[in-house]
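Visitor: Protein sequences, first through last, are from chains A and B.
Throughout the first sequence, residue numbering follows this note's numbering, covering 1 to 352 in sequence.
Throughout the second sequence, residue numbering follows this note's numbering, covering 1 to 352 in sequence.
Ideal placement from N, C-alpha and C gives every residue a C-beta, glycine not left out.
This one's a predicted model, so the numbers in the text were calculated from it and none came from an experiment.
Protein chains: 2
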Amino acid sequence: MPSYMREGSTMKANPVVAVCGATGAVGQEFLKVLHDVDFPASQVRALASARSAGKQVEFEGCGQVPAGPITIEEMTPESFQGVDIALFSAGSDVSKELRQAVVDAGAVMIDNSSAFRMDDDVPLVVPEVNPEDVEWHKGVIANPNCSTIEMVVALAPLAKISPIKRVVVSTYQAASGAGYPAMIELLEQTRAYLADEEMVAEKFAHPLAFNCIPRIDVMMEDGSTKEEWKMVAETQKIMHAPNLGVNATCIRVPSIRCHGESVNVEFESPVGVNQASMALAFAPSVEVMDDPEQNVYPMPAMLTGKDYVYVGRLREDSSNPNALSFWLVMDQIRKGAALNAVQIAQLLLPKE
Amino acid sequence: MPSYMREGSTMKANPVVAVCGATGAVGQEFLKVLHDVDFPASQVRALASARSAGKQVEFEGCGQVPAGPITIEEMTPESFQGVDIALFSAGSDVSKELRQAVVDAGAVMIDNSSAFRMDDDVPLVVPEVNPEDVEWHKGVIANPNCSTIEMVVALAPLAKISPIKRVVVSTYQAASGAGYPAMIELLEQTRAYLADEEMVAEKFAHPLAFNCIPRIDVMMEDGSTKEEWKMVAETQKIMHAPNLGVNATCIRVPSIRCHGESVNVEFESPVGVNQASMALAFAPSVEVMDDPEQNVYPMPAMLTGKDYVYVGRLREDSSNPNALSFWLVMDQIRKGAALNAVQIAQLLLPKE
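1) From the DSSP output, which residues share a beta bridge with residue 171 (chain A)?
2) Below 6 angstroms CB to CB, which residues in the same chain sit around residue 18 (chain A) once its five sequence neighbours on both sides are set aside?
3) With a cut-off of 8 angstroms, does the C-beta of residue 1 (chain A) fall near any C-beta of chain B?
4) What are the residues in the stretch 302-318 of chain B lying within 8 angstroms of chain A by C-beta distance?
5) In chain order, what residues of the same chain lie with their CB nearer than 7 angstroms to the CB of residue 333 (chain B), ignoring the 5 residues before and after it?
6) Between the beta-carbon of residue 245 (chain A) and the beta-carbon of residue 320 (chain B), is there less than 8 angstroms?
7) Please name the residue, chosen from A:269, A:267, A:288 and A:330, that lies closest to residue 277 (chain A) on a Cα-to-Cα basis.
8) Start and end of the beta strand (DSSP E) containing residue 329 (chain A)?
9) Of all the CB atoms in chain B, is at least one closer than 8 angstroms to the CB of residue 206 (chain A)?
10) Could you name the residues of chain B that residue 180 (chain A) contacts, counting a contact when the two beta carbons are closer than 8 angstroms?
11) Locate the beta strand (DSSP E) running through residue 271 (chain B), then write down its first and last residues.
12) In chain order, what are the residue ranges of uninterrupted alpha helix (DSSP H) at least 4 long that sit wholly in the stretch 61-135 of chain A?
13) Quick one: grab the DSSP three-state call for residue 314 (chain B).
14) With contact counted as at least three CB pairs below 8 angstroms, one residue from each stretch, are the stretch 252-268 of chain A and the stretch 313-328 of chain A in contact?
15) Taking Cβ-Cβ distances shorter than 7 angstroms, what residues in chain C pair up with residue 61 (chain A)?
16) Of all the CB atoms in chain A, is at least one closer than 8 angstroms to the CB of residue 321 (chain B)?
17) Does DSSP put residue 220 (chain B) in a helix, a strand or coil?
18) Following the continuous alpha helix (DSSP H) through residue 191 (chain B), name the residue where it begins and the one where it ends.
19) On the three-state DSSP scale, how would you describe residue 142 (chain B)?
20) For residue 164 (chain B), is the classification buried or exposed, using 16 other Cβ atoms within 10 angstroms of its Cβ as the cut-off for buried?
21) To which residues of the same chain is residue 7 (chain A) closer than 7 angstroms at the C-beta, ignoring the five residues directly before and after it?
22) Within 10 angstroms of its Cβ, does residue 116 (chain B) collect 16 or more other Cβ (buried), or is it exposed?
23) Put residue 280 (chain B) into one of helix, strand or coil per three-state DSSP.
24) Express the C-alpha separation of residue 180 (chain A) and residue 303 (chain A) in angstroms, rounding to a whole number.
25) Which of the three DSSP states is assigned to residue 12 (chain B) in this structure?
26) Who are the near neighbours of residue 363 (chain B) in its chain, counting only those whose CB is closer than 7 angstroms to its CB and skipping five residues on each side?
27) Name the chain A residues whose beta carbon is nearer than 8 angstroms to that of residue 357 (chain B)?
28) Does residue 190 (chain B) get closer than 8 angstroms to chain A when you measure Cβ to Cβ?
29) Check the Cβ-Cβ distances between residue 330 (chain B) and every residue of chain A, and say whether any is below 8 angstroms.
30) Would you say residue 166 (chain B) reaches chain A, if we count a Cβ-Cβ gap shorter than 8 angstroms as a contact?
31) Could you check where the beta strand (DSSP E) with residue 48 (chain A) kicks off and where it finishes?
32) Count the C-beta pairs between the stretch 231-248 of chain A and the stretch 150-162 of chain A that are closer than 8 angstroms, then say yes if the count reaches three, no if not.
33) If you run the structure through DSSP and keep just helix, strand and coil, what is residue 18 (chain B)?
34) Going along the stretch 245-269 of chain B in order, which residues come within less than 8 angstroms of chain A, judged by CB to CB distance?
35) Ignore the nearest five residues each way along the sequence and tell me which others in residue 326 (chain B)'s own chain have a CB closer than 6 angstroms to its CB.
36) Once DSSP output is grouped into helix, strand and coil, what is the label at residue 165 (chain A)?
The following block contains the structure:
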């Protein structure tokens, strides 16, 4: 993992890390990932709303922090004194409200919300794709949308073979993208369906059990959803490719926490399947699982808790000699959110 | 509904109809649809394997046939004497085995299997798209694959605005595509998952509950699946467009009997959203459900038993000025199989 230093300031080798939104699905995963990568923290603090303050969250330890429960503190503008890295996943409103307090405290906010992703003064970073962008941060680094991360991790190694002209992607997004209560809602709806009881839909506009819902996030003026717009705008920003064409259709499906993506990529010139497969096999955070004859391909239900973007069904496109199609699966909470954010934090660590 | 007469022979106004494979999901639906369209049959016979012979199937009546149970007969080469129309859904092997017997008996086989679809002497018909092709049948008319029917019903009215150059489609296919036992398997796997028991997968290569399986049917040499190949070859044949580019990715999702499709269409020239929406609204067997701001769009769980192809999320494609994207849902057993076949039979009826 490369490391980068913020110009004019130096991240401590053993920073104090605050997990902001510690009770949510991503917040819980931040704590797991900090342990899994053994992040060299000197302290890990857990912040959440007043409602959760005083409760404890389990933590398995990392760096200089021993394993043991952490008592949740109420997250206020005063929370960030002494914090070096604040991992945020508490929604856009909370991120906007606390941004200045984090920056004033001299901490770096790594924000999982969509609040600042398209701001000109905020880098939007996928460490495998544009790690160098952390260098110009001004106190805030944005973590991209999960569906975008999944796609660009696979596109970046392919774009090195031939520039990408256009991507047509359709997603198969799990309940987890709408948070932990949405995962519970899917399971509860499914139970109700099997028991012939009425299904309750609160987190989704319609019951998701045994269904597909073709709208994620709010509608934009051009008829796309904001989720679809994110896959266009964020991909262009991360890949430094403002003219890259992306057409996204984002569909919620009844899987629990891994997103699938059906991707068609048109290159400037023909790219062979073997060449693409090799590039993906050697790319960071990508694993090729591609032996469909033997029923080997990535599947959401089998990749929960995994750290990579998994690629299968790679093949030529008979409708365009410059195009390839493939299928991706990624744990939406892990590489799609918490892991990517912690990897951004790793980029900030001083070179050893 | 237009009607067509077979050259050199005339279908009776009140034909004898044999439902072949009467105990399967599509066979059962044949009987429902014959009733629903009040097909003017003089007799309806139910044929199935020896195992089911002697059992009874419910029938609500149609034409000159009163409501009441029908006793299943064993399907043999001798079964077709006196039959005028044989609706087949008993798998490719059975269709191949019995084709000659059906033709020798002077009946028309309308076959739901993939056995003859690409044969040069067999029309492949979607009544809304290429009804005229029934005229040159030689005793066998093929019913297309469900995913193909869904797509071409929506493509045909759009192709009248501007010729279609290329289609990129990703499917969200329900368990029903693999038959009635597969639907039961999905429900049983789901129950087992919720009860923390082991899931059994026999109809699918992997458990489908809370999962997506990116392979349907056998693998072809070019890395596509046969299901994907069907969407290419069948679409070209039905639309009489041998050079139409189609890139299909076919994914099984845990819905029960309606298929979703995310479709991107590139035309020869720009087509406006309003123009396309109007063409679809007036197209036969299409219903536009497109008010996503109000959460109105087609969804698999809400369209079971419906007869149309439902279109929503119609929008421009910022990556290509000549392209549009939209989302389709269709009941796979109904318009995707049984209804389309009965509509082909309706085309054969003599003009009144």
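Guide: Per the coordinate set shown:
1) Taking the first sequence and counting its residues from 1, the one referred to as residue 171 (chain A) is at position 171. In DSSP, residue 171 (chain A) forms a bridge with A:250 and A:261.
2) Indexing the first sequence from 1 puts residue 18 (chain A) at position 18. Excluding residues within five positions, the ones whose Cβ falls inside 6 angstroms are 45, 47, 83 and 86.
3) Residue 1 (chain A) sits at position 1 when you count from the first residue of the first sequence. Note that residue 1 (chain A) scores 49 on pLDDT, short of 50, meaning its location in the model is unreliable and no value can be drawn from it.
4) 302, 312, 313, 314, 315, 316, 317 and 318
5) In the second sequence, residue 333 (chain B) corresponds to position 333, counting from 1. Taken in chain order, the residues that qualify are 25, 26, 29, 176 and 257.
6) Taking the first sequence and counting its residues from 1, the one referred to as residue 245 (chain A) is at position 245. Taking the second sequence and counting its residues from 1, the one referred to as residue 320 (chain B) is at position 320. Yes, Cβ-Cβ distance for residue 245 (chain A) and residue 320 (chain B) is below 8 angstroms.
7) Against the first sequence, residue 277 (chain A) aligns to sequence position 277. Out of A:269, A:267, A:288 and A:330, A:288 has the C-alpha closest to the C-alpha of residue 277 (chain A).
8) Position 329 of the first sequence, counted from the start, is the residue given in the question as residue 329 (chain A). Per DSSP, residue 329 (chain A) belongs to the beta strand (DSSP E) from 323-331.
9) The sequence position of residue 206 (chain A) within the first sequence is 206, counting from 1. Chain B, which has a Cβ nearer than 8 angstroms to the Cβ of residue 206 (chain A), makes this yes.
10) Within the first sequence, the letter at position 180 stands for residue 180 (chain A). The premise fails here: residue 180 (chain A) is roughly 16 angstroms from chain B at the closest Cβ pair, so nothing lies under 8 angstroms.
11) As a first step, residue 271 (chain B) is located in the second sequence; it is residue number 271 there, counting from the start. It is not in any beta strand (DSSP E) - residue 271 (chain B) carries neither H nor E in the DSSP assignment.
12) 92-104
13) Along the second sequence, one-based indexing puts residue 314 (chain B) at 314. Reduced to three states, the DSSP call for residue 314 (chain B) is strand.
14) yes
15) Looking at the structure shown, chain C is missing, and the protein chains on hand are A and B.
16) What you label residue 321 (chain B) is simply residue 321 of the second sequence in a count that begins at 1. No, because no Cβ of chain A sits closer than 8 angstroms to the Cβ of residue 321 (chain B).
17) Translated into positions along the second sequence, residue 220 (chain B) becomes position 220. Residue 220 (chain B): coil per DSSP, three-state reduction.
18) On the second sequence, residue 191 (chain B) is found 191 positions in, with the first residue counted as 1. 180-194 is the span of the alpha helix (DSSP H), which, as asked, contains residue 191 (chain B).
19) The sequence position of residue 142 (chain B) within the second sequence is 142, counting from 1. If DSSP states are grouped into helix, strand and coil, residue 142 (chain B) belongs with the strands.
20) To locate residue 164 (chain B), count along the second sequence from 1; it is residue 164. Buried is the call here.
21) Numbered from its first residue, the first sequence carries residue 7 (chain A) at position 7. Confidence at residue 7 (chain A) is low in this model, with a pLDDT of 49, below 50, so the placement of that residue is unreliable and no value is reported for it.
22) As a working mapping, residue 116 (chain B) is identified with position 116 in the second sequence. It counts as buried.
23) Start at 1 with the first residue of the second sequence, and residue 280 (chain B) comes out as number 280. Helix at residue 280 (chain B).
24) Position 303 of the first sequence, counted from the first residue, corresponds to residue 303 (chain A). Position 180 of the first sequence, counted from the first residue, corresponds to residue 180 (chain A). Computed Cα separation, rounded: 18 angstroms.
25) Numbered from 1 along the second sequence, position 12 holds the residue referred to as residue 12 (chain B). Looking at residue 12 (chain B) - three-state DSSP - the assignment turns out to be coil, as it is neither helix nor strand.
26) Chain B is shown from 1 up to 352; residue 363 (chain B) falls before or after that span and cannot be answered.
27) Residue 357 (chain B) lies beyond the range of chain B shown here (1 to 352); nothing can be said about it.
28) Counted from its first residue, the second sequence places residue 190 (chain B) at position 190. Yes, residue 190 (chain B) lies at the interface with chain A (some Cβ there is under 8 angstroms from its Cβ).
29) Translated into the one-based positions of the second sequence, residue 330 (chain B) becomes position 330. No, residue 330 (chain B) does not count as interfacial toward chain A.
30) Numbered from 1 along the second sequence, position 166 holds the residue referred to as residue 166 (chain B). It does; some Cβ of chain A falls within 8 angstroms.
31) Position 48 of the first sequence, counted from the first residue, corresponds to residue 48 (chain A). Run containing residue 48 (chain A): 43-48, per the beta strand (DSSP E) assignment.
32) yes
33) Along the second sequence, one-based indexing puts residue 18 (chain B) at 18. Strand.
34) 245, 246, 247, 249, 251, 253, 254, 255, 256, 260, 262 and 264
35) As a working note, residue 326 (chain B) is residue 326 in the second sequence. 263, 311, 313 and 314, listed in sequence order.
36) Counting from 1 along the first sequence, the entry for residue 165 (chain A) is found at position 165. Reduced to three states, the DSSP call for residue 165 (chain A) is strand.
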